[in-house]
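Letter 87 of the sequence shown, counting from 1, is numbered 108 in the numbering used here, and no numbers are missing. Here's the structure, in structure tokens; my notes come after.
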Amino acid sequence: AAAEKGTRIHEALEVRDPSALHDEEENDIYERMVEAEDTFLDKVIGDVEREEFNEIIVDVDLDGTATFGTCDRLTLYGEDKAVMGDYKTGVSVIDEPLENWQAKAYACGAFQKFEDLNEITFVFYIPVRGEVLSGVFTREDTDKIRKELSIVIKDGEEVRPQWDKGVPSLDKLEPTSNCRFCTYEEKCPALGAIV
Numbered sequence: 022a023a024a025e026k027g028t029r030i031h032e033a034l035e036v037r038d039p040s041a042l043h044d045e046e047e048n049d050i051y052e053r054m055v056e057a058e059d060t061f062l063d064k065v066i067g068d069v070e071r072e073e074f075n076e077i078i079v080d081v082d083l084d085g086t087a088t089f090g091t092c093d094r095l096t097l098y099g100e101d102k103a104v105m106g107d108y109k110t111g112v113s114v115i116d117e118p119l120e121n122w123q124a125k126a127y128a129c130g131a132f133q134k135f136e137d138l139n140e141i142t143f144v145f146y147i148p149v150r151g152e153v154l155s156g157v158f159t160r161e162d163t164d165k166i167r168k169e170l171s172i173v174i175k176d177g178e179e180v181r182p183q184w185d186k187g188v189p190s191l192d193k194l195e196p197t198s199n200c201r202f203c204t205y206e207e208k209c210p211a212l213g214a215i216v
């Protein structure tokens, strides 16, 4: 139910039309999201001409692997700047963009896709929590981010297939802060003493 609600709100935001939303709660989240986004973009960009993209796929080339994601909104402005926005409709705590793997991956992918970009302000709009979290990435950050992401993705690529055969042995699992994103977090023996 929560996933469907989030999808409806995302679709309404994409076209800026709330008519398909189901109830007052969804409409409230939509309206607060629109207000937060408009306020943020006006503050960061002002009256400068903008080019906007919704649901833009960013492919991220890494060291020996790759990943991708779909950014809710990318707004290009000036000669070399952008705002990447991601809508969060739930109550989960979200890490600040400069510490958030999703934000890092999307920014890295956008720098790879748009060669003229030199600065990306990444923002999470989280109306249910009353939060707007933002951070600035620069093109100079790309190599460092790519290396960090490569390690995280490769680790996941090694561990995840082990779960297809049942619960992996404890010696093959090493808890990290990334475990909270894993599908198997609830039943992982390596997290038993931590959770």
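All residues carry an ideal CB built from backbone N, CA and C; glycine is no exception. Given the structure is predicted, the values throughout are model-derived calculations rather than measurements.
How long is the line joining the alpha carbons of D101 and L119, rounded to whole angstroms?
-> 20 Å
Excluding five sequence neighbours on each side, which residues of the same chain lie with their C-beta closer than 6 Å to the C-beta of I50?
-> I30, T110 and P148
What separation, rounded to the nearest whole angstrom, lies between the Cα atoms of I77 and C92?
-> 5 Å
Reduced DSSP category for C203 - H, G, I as helix; E, B as strand; rest coil | coil
Please report how far the alpha carbon of K26 lies from the alpha carbon of E56, in whole angstroms.
-> 19 Å
Between E72 and L34, is the Cβ-Cβ spacing less than 8 Å?
-> no
Shortest alpha-carbon distance to F132 belongs to which of S155, T142 and R160?
-> R160
If we count the other Cβ atoms within 10 Å of its Cβ and call it buried at 16 or more, is L191 buried or exposed?
-> exposed
First and last residue of the alpha helix (DSSP H) that includes N121?
-> Looking at the DSSP string, N121 is not in any alpha helix (DSSP H), and its letter there is neither H nor E.
Is there contact here, the stretch 136-155 with the stretch 182-189, by at least three beta-carbon pairs under 8 Å?
-> no
Could you tell me whether any Cβ in chain C is nearer than 8 Å to the Cβ of K175?
-> Of the protein chains in this structure there is only one, and it is not chain C.
Heavy atom of the ligand FAD less than 7 Å from the Cβ of E45, yes or no?
-> Absence of the ligand FAD from the depicted structure is noted, as is the absence of any ligand whatsoever, leaving it without description.
Option nearest N75 by Cα separation, candidates C203, V36 and Y127 = V36
For K208, the three-state DSSP class (helix, strand or coil) = helix
Which runs of the beta strand (DSSP E) fall wholly inside the stretch 111-195 and span at least 3 residues, in chain order?
-> 140-147 and 152-159
Between the C-alpha atoms of R167 and D82, what's the straight-line distance to the nearest angstrom?
-> 8 Å
Which first and last residues belong to the alpha helix (DSSP H) in which D63 is found?
-> E45 to V65
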